[in-house]
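J.: Protein chains in written order, with the working numbering: chain A, 150 to 480; chain B, 27 to 292; chain C, 27 to 292; chain D, 440 to 701; chain E, 440 to 701.
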Ligand SMILES: Nc1ncnc2c1ncn2[C@@H]1O[C@H](COP(=O)(O)OP(=O)(O)OP(=O)(O)O)[C@@H](O)[C@H]1O
Ligand SMILES: Nc1ncnc2c1ncn2[C@@H]1O[C@H](COP(=O)(O)OP(=O)(O)OP(=O)(O)O)[C@@H](O)[C@H]1O
Ligand SMILES: [Mg+2]
Ligand SMILES: [Mg+2]
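(1) Buried or exposed: where does residue 402/A fall if 16 or more other Cβ atoms within 10 Å of its Cβ makes it buried?
(2) Distance check for residue 156/C and residue 538/E, CA to CA, integer angstroms please.
(3) Are there 16 or more other CB atoms within 10 angstroms of the CB of residue 186/B, so buried, or fewer, so exposed?
(4) Closer than 8 Å, CB to CB, is residue 448/D near chain E or not?
(5) Using only Cβ atoms and a threshold of 5 Å, which residues come within that distance of a heavy atom of ligand 4? Order them by chain position.
(6) With a 10 Å radius around its C-beta and 16 neighbouring C-beta atoms as the bar for buried, classify residue 292/B as buried or exposed.
(7) To the nearest angstrom, report how far apart residue 283/C and residue 207/B are at their CA atoms.
(8) Quick one: grab the DSSP three-state call for residue 46/B.
(9) Which word fits residue 647/D, buried or exposed, when buried means at least 16 other C-beta atoms lie within 10 angstroms of its C-beta?
(10) Along the stretch 199 to 231 of chain C, what residues have a CB closer than 7 Å to any CB found in chain B?
(11) Compute the minimum distance between the beta carbon of residue 67/C and the heavy atoms of ligand 1, and state whether it is under 7 Å.
(12) Quick check: is the beta carbon of residue 171/C nearer than 8 Å to any beta carbon in chain E?
(13) Does at least one heavy atom of ligand 2 sit under 7 Å from the Cβ of residue 162/C?
(14) Cβ of residue 386/A less than 8 Å from any chain E Cβ?
(15) Between residue 452/A and residue 666/E, what straight-line distance do the alpha-carbon atoms span, to the nearest angstrom?
(16) What first and last residue would you give for the alpha helix (DSSP H) that runs through residue 580/D?
(17) Between residue 259/B and the rest of its own chain, which residues show a CB-CB distance below 6 Å, the 5 nearest in sequence each way excluded?
(18) Which one of 133/B, 48/B, 41/B and 110/B has the shortest CA to CA distance from residue 608/D?
(19) Is residue 41/B near ligand 3 - that is, is its Cβ less than 7 Å away from at least one heavy atom of it?
(20) For the stretch 643 to 662 of chain D, which residues have a CB atom closer than 8 Å to at least one CB atom of chain A, in sequence order?
(21) By DSSP, does residue 401/A sit in helix, in strand, or in coil?
(22) Report buried or exposed for residue 461/A, applying the criterion of at least 16 other Cβ atoms within 10 angstroms of its Cβ.
(23) Nearest CA to the CA of residue 621/D: which residue from 594/D, 541/D, 547/D and 582/D?
(24) Could you please tell me which residues of the stretch 197 to 216 of chain A, in chain order, have their CB closer than 8 Å to any CB of chain E?
(25) Give every residue of the same chain whose Cβ lies closer than 6 Å to the Cβ of residue 246/C, excluding the five residues on either side of it in the sequence, and list them in chain order.
(26) Hey, is the stretch 289 to 301 of chain A in contact with the stretch 327 to 338 of chain A, meaning 3+ C-beta pairs nearer than 8 Å?
(27) Does at least one heavy atom of ligand 2 sit under 7 Å from the Cβ of residue 450/D?
(28) For the candidate residues 281/A, 245/A, 194/A and 418/A, whose alpha-carbon lies nearest to that of residue 361/A?
(29) Terminal residues of the continuous beta strand (DSSP E) containing residue 222/B?
(30) Can you find the residues in the same chain that come closer than 6 Å, C-beta to C-beta, to residue 239/A, ignoring five residues on each side of it along the sequence?
(31) May I have the straight-line CA-CA distance separating residue 191/C from residue 176/C, to the nearest angstrom?
(32) Listing by chain order, which chain E residues have their CB less than 7 Å from the CB of residue 699/D?
(33) Does the CB of residue 667/D have a neighbour CB from chain E at under 8 Å?
(34) Cα separation between residue 696/E and residue 623/E?
(35) Does the beta carbon of residue 696/E fall short of 7 Å from some heavy atom of ligand 2?
(36) Any chance the CB of residue 166/B is under 7 Å from a heavy atom of ligand 6?
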């Protein structure tokens, strides 16, 4: 397990998602190795196909870092007592998650339907947030937990009339006749954030680990921003599609190619608000654990030093130090 | 006139020639006893008569028509390794045939029909001395008891042709005599044609009206498998069952010279 | 002096009393032949002597010590339903015991050791007439051939106590005589103590030095299971094997009055 | 004695778990992977006795009931398929020639890989779940039954033919009775994949069920729910397994006169 | 004749598929659920012959090789476990008392529900995949072997004791030889769950393999990849199955002298 101590070899894991494909590319292209060598350490980037399993493995200490959303970070590692730091805020979903209806044109039509989605995931969160905007709430419909792997096939059956999912499943389903997108994450921009989370203690004891990761990441971001076809094609193939398909997914993802924008986003005043929404959602669904007396059970620290929730139990920290170094070219 | 007609029958297992050019014509109602050295093909012959196995060449016909490809209820069998149905008790094993005949769809009798079927086999049960064991499963019977059950099961069907493969091998002399009487009585009543393999020469003479001896006529000492057995002696015992075999015939049937035995046991 | 000592032996299966108060004292080197009605408990008695089954009460001791709880190599057995190892050829079945004795870890002989072990059983193979069939699997043998194989397998071990359950039931008279000779020769050479169940009274008298008759002494017609069998006659044939049993003794052993038989078959 | 011996490995497992759990919990008291027995007991008790706020149901019992119903239906369908096809394949040489290779082939298709096709055939509701269990367990059961039929000694088939039985009578009086105990064994072994397919099916699209709950709470690594649920599933399966064994021993007494059964 | 009969259901299935596919495709030419045979053929051919840009590998062959290697290792471990534990449980009454209930219980734990524990025990590398296959297939195989040992007629065990065999000799010369054919049958039946666990394992943590590929393209509903892959998996499994059967028939000739085997 990732006990807090100085060490030279590190493992981070990631799972296949449009905004995280660079991690795979960093490993295969040798960019990561180059940066790790620069700091005299060893970093292994491991692909785990099952997203939840990758977070679980990080949480139980098998990995020093893992890519996940802000929401899952709060519920799984932080809720599980693992002090976690948002090292690289990579992107936020800007239309990558959406709500689809087969019958009805507007979100309000969803009332009374069975809604297939991955329960307790960001889809669920998106639904809850979207319902607020039309004056509905969850009891007005039935959530049917559906595994993401089977979502597209499920959507092809007549039993499914409404669903919430993310890309690339979203665009596959929208390509089916008779489907319409009634809401998506661009309605709640910046609330579904994809982040490389690392163990706070490991990072504190091994700053080089953070530097190497951040350095490699932004080198790759630069390649992507410049439209490097070889890199993008490799990422597309690794995610099981082609360049065009991958670019389409990127279009609905707000990537922070530039570290400075990532820093700005993380330091913005909207983030604490977002985390409050998330914490409330999680608490309402009983995910913060049985011992959680309120949504403020787990403390979340922000770059300005402010804390949402229990200051004595801060387990999730947004820290811009390393991204700032990248922005400053100090790596 | 001839009921069972066997012509140029041959049976091979791979390279092993078991039976070779067996010709036989048996009249209806004959009680054929079959003797022969162990392993010479007697059981194989019965299995072919039963349609359990198919001859390699030659023909077998019953009443003028070739044997059907599957066993039929007009040919009964008692196997050398007596087999009864392990999932049925002694009594149910005996009632089974009646159930098949009466209950076409369920194959099972209930209530009074069942009681009367049980009644019907009660006499048989006591004839074979299994009355006390009627509720046991075959696995709970001694070897001889299983053999008696198998015999009774075959006899109850009153088949036209009855094939018996060493049916009394595991019985004590007392019960054996009872079974002889039972068999002979049914044979007379039903005009069955019986083929019975036995190693007991007295039994062969006592029960049979015709005695068939199976043996190899040709023998190649270098490859003993090369030639098969056929009917080498065919004695008419019609004069009526005899109890004591004429000793010289017994010698003909098992013509092992004393010297061989001595040579072997020295 | 007494080698096998059986005292107040009783065996029950559930409500069925099979053996009851069997007392027996057998000297070393005795050839005991056992006769008795089918189902009276002879095989059960042998199974107890073999430690395959446990008596309900009473004791059995060999050479002064109680029977071990498991079968041991000093007691050989030929089962009524002769059993050999289906996965081994005839020859391998016979070589097996030698392999156990020599190859402690592999239990298998190779190369020249194997050839010489095969050599050693060659005589036995031809004695039991299975030379030609030595490469066949048991499933490819006739009933009598399997029985001979089982006998040879037991004899090759030269056990101190040999238990034979109707060992010659499936053999023709010629081969049976050969097997008698083989058995008697080994018995004399090895001073084996033999218990042999048979239904052939001639055989019992020919081979045995002592004849045990198993039968029920008490009989309750209402519940025939209530009482078990015991040794009712115990004849000393020490004077030397006889070939023809005195007829009056045969009558004593199977005392079925003619009337019963008639009553049954009428 | 046997009972005592049988308990040893269970106690051993519990001991190893307790040690590992307390080691992890002392390092991080909020650790979720190996909760203590007390934690699990409390959670399990709550799921069994405290109604859920949203629906008012007792979670554990609703989950159990729904899952067992799916399992029962799925296995029921399997048993029916196994009996009809198994006996036909084992008993009729032509059917065997025609179906055995096909059966051997399709039984090797991992059902989870063709889920989309199952969905368009059976929809996404209860039928689909029952169908997945049936599709997952039937092929092996059909094969077992067919083999059981083939294993009936040839002598017995010959014998019953000489007793004048029609094919139907042969099947009902000789084949079926000898197949029953083997079918129950196949069913018992089929419990393992059946539960796996049940859980997979409930993970795909569901609102209740033991598998549903496990996959739901996996999203926040609530091992204090998962482990008791797994233990509960195992206990249920174990009880069903033992019940089937006892039933078989009682009804098919003849089949247990020789040899032992696990 | 048998070959012809055996082909009928395969042709029937192909026909049904072709009809359903063309019906869907004529309704919506972009339909992905049931691609035409041409589409699938083209895709399969590409995966078998055109190197991937990123790695330069021929996808199909790399996937096949990696998957078969995992499968072989996993099943190998299972066979070893089945032999040691199966024979111990079947042969030694005390071991049976001690282990049989535990085995019956843990064999009923669906491995997918305790994945996190499996992963911390075995890591996430190749070991974990092999372990998942072994954990998933071993319990049933152990039970089959133990039952096979129990099914050896009592007479034979008694007989071999009277021939002076030590326990070890008894096991190697009488028990093992009679267990082999049954073990191969168990192995053949174990292929089904083995492939399922292989695919599950690869779907969770892997970057190559047949199951990984299916998992990867599943989110695009690329049935033109999935279906040929499934057919390929089935073909591989079928070939392994037949090879094992032939092997068994050839090596254990005595076991096939009576009765037929599926
Ligand atoms: N497992 C059992 N359960 C109940 N009864 C049994 C069991 N095994 C044997 N018996 C009964 O024990 C009695 C003796 O059987 P045993 O096999 O010893 O007879 P036997 O003298 O060898 O007869 P045979 O000459 O026919 O072989 C029989 O009546 C039989 O029904
Ligand atoms: N499946 C088989 N493959 C090869 N040979 C076989 C097969 N079945 C039987 N045999 C051989 O056929 C011969 C005749 O066997 P059969 O059983 O007919 O003999 P039998 O006359 O009944 O002998 P017994 O008196 O010992 O019962 C034997 O030599 C046997 O080895
Ligand atoms: Mg014979
Ligand atoms: Mg007996």
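Heads up, the beta-carbon is just placed ideally off N, CA and C, and yes, glycines get one too.
T.: Inspection of the coordinates gives the following:
(1) One-based indexing of the first chain puts residue 402/A at position 253. Classification for residue 402/A: buried.
(2) Working through the fifth chain from its first residue, we reach residue 538/E at position 99. Working through the third chain from its first residue, we reach residue 156/C at position 130. Approximately 45 Å, taken between the alpha carbons.
(3) Within the second chain, numbered from 1, the residue matching residue 186/B stands at position 160. Classification of residue 186/B: buried, given that the 10 Å Cβ count is 16 or more.
(4) Within the fourth chain, numbered from 1, the residue matching residue 448/D stands at position 9. It does: the Cβ of residue 448/D has a partner Cβ on chain E nearer than 8 Å.
(5) 168/B, 169/B, 69/C and 106/C
(6) Indexing the second chain from 1 puts residue 292/B at position 266. Because the pLDDT at residue 292/B is just 32, under 50, the model does not fix this residue reliably, and the value given afterwards should be weighed accordingly. When all chains shown are included, residue 292/B counts as exposed.
(7) To locate residue 283/C, count along the third chain from 1; it is residue 257. To locate residue 207/B, count along the second chain from 1; it is residue 181. Confidence at residue 283/C is low in this model, with a pLDDT of 41, below 50, so the placement of that residue should be treated as unreliable; the coordinate-derived value is given next. About 14 Å.
(8) In the second chain, the residue the question calls residue 46/B occupies position 20. Strand.
(9) Locating residue 647/D in the fourth chain gives position 208, counting from the first residue. The residue is buried, with at least 16 neighbouring Cβ atoms inside 10 Å.
(10) 199, 200, 201, 203, 204, 207, 208, 211, 225 and 227
(11) Taking the first residue of the third chain as 1, we reach residue 67/C at position 41. Residue 67/C: yes, Cβ under 7 Å from ligand 1.
(12) Along the third chain, read from residue 1 onward, the residue named residue 171/C stands at position 145. Chain E contact via Cβ: absent.
(13) Numbered from its first residue, the third chain carries residue 162/C at position 136. Yes, ligand 2 has a heavy atom inside 7 Å of this Cβ.
(14) In the first chain, counting from the first residue as 1, residue 386/A sits at position 237. For residue 386/A, the answer is yes, since a Cβ of chain E falls inside 8 Å of its Cβ.
(15) If you number the first chain from 1, residue 452/A lands on position 303. If you number the fifth chain from 1, residue 666/E lands on position 227. So the alpha carbons of these two residues sit roughly 50 Å apart.
(16) Translated into the one-based positions of the fourth chain, residue 580/D becomes position 141. Element bounds for residue 580/D: 565 to 590.
(17) On the second chain, residue 259/B is found 233 positions in, with the first residue counted as 1. Closer than 6 Å at Cβ, skipping near neighbours: 239.
(18) Position 169 of the fourth chain, counting from 1, holds the residue named residue 608/D. When each option's Cα is compared against that of residue 608/D, the closest is 133/B.
(19) As a working note, residue 41/B is residue 15 in the second chain. Because no heavy atom of ligand 3 lies under 7 Å away, the Cβ of residue 41/B does not count as near it: no.
(20) 643, 644, 645, 646, 651, 654, 655, 657, 658, 659, 660 and 661
(21) In the first chain, residue 401/A corresponds to position 252, counting from 1. Coil at residue 401/A, not helix or strand.
(22) The residue given as residue 461/A occupies position 312 in the first chain. Result: exposed.
(23) If you number the fourth chain from 1, residue 621/D lands on position 182. With distances taken between Cα atoms, residue 621/D lies closest to 582/D.
(24) 197, 198, 199, 202, 205, 206, 209 and 211
(25) Taking the third chain and counting its residues from 1, the one referred to as residue 246/C is at position 220. Contacts found: 252.
(26) no
(27) Reading the fourth chain from its first residue, position 11 is the one you call residue 450/D. Result no, Cβ not under 7 Å from ligand 2.
(28) Taking the first residue of the first chain as position 1, residue 361/A is located at position 212. Residue 361/A has its Cα closest to that of 194/A, out of 281/A, 245/A, 194/A and 418/A.
(29) Counting from one through the second chain, the residue named residue 222/B turns up at place 196. Its beta strand (DSSP E) spans residues 219 to 223.
(30) Position 90 of the first chain, counting from 1, holds the residue named residue 239/A. Excluding positions up to five away in sequence, the list reads 168 and 343.
(31) By one-based count along the third chain, residue 191/C stands at place 165. By one-based count along the third chain, residue 176/C stands at place 150. Distance between the alpha carbons of residue 191/C and residue 176/C is about 11 Å.
(32) Numbered from its first residue, the fourth chain carries residue 699/D at position 260. Within chain E, the residues near residue 699/D are 589.
(33) Within the fourth chain, the letter at position 228 stands for residue 667/D. Not closer than 8 Å to any Cβ of chain E, the Cβ of residue 667/D fails to qualify, so no.
(34) The residue labelled residue 696/E in the question sits at position 257 within the fifth chain. The residue labelled residue 623/E in the question sits at position 184 within the fifth chain. Near 17 Å, if we compare the C-alpha coordinates of residue 623/E and residue 696/E.
(35) Reading the fifth chain from its first residue, position 257 is the one you call residue 696/E. Yes, since a heavy atom of ligand 2 falls inside the 7 Å radius drawn around the Cβ of residue 696/E.
(36) Ligand 6 is not part of the structure shown, which contains ligand 1, ligand 2, ligand 3 and ligand 4 as its ligands.
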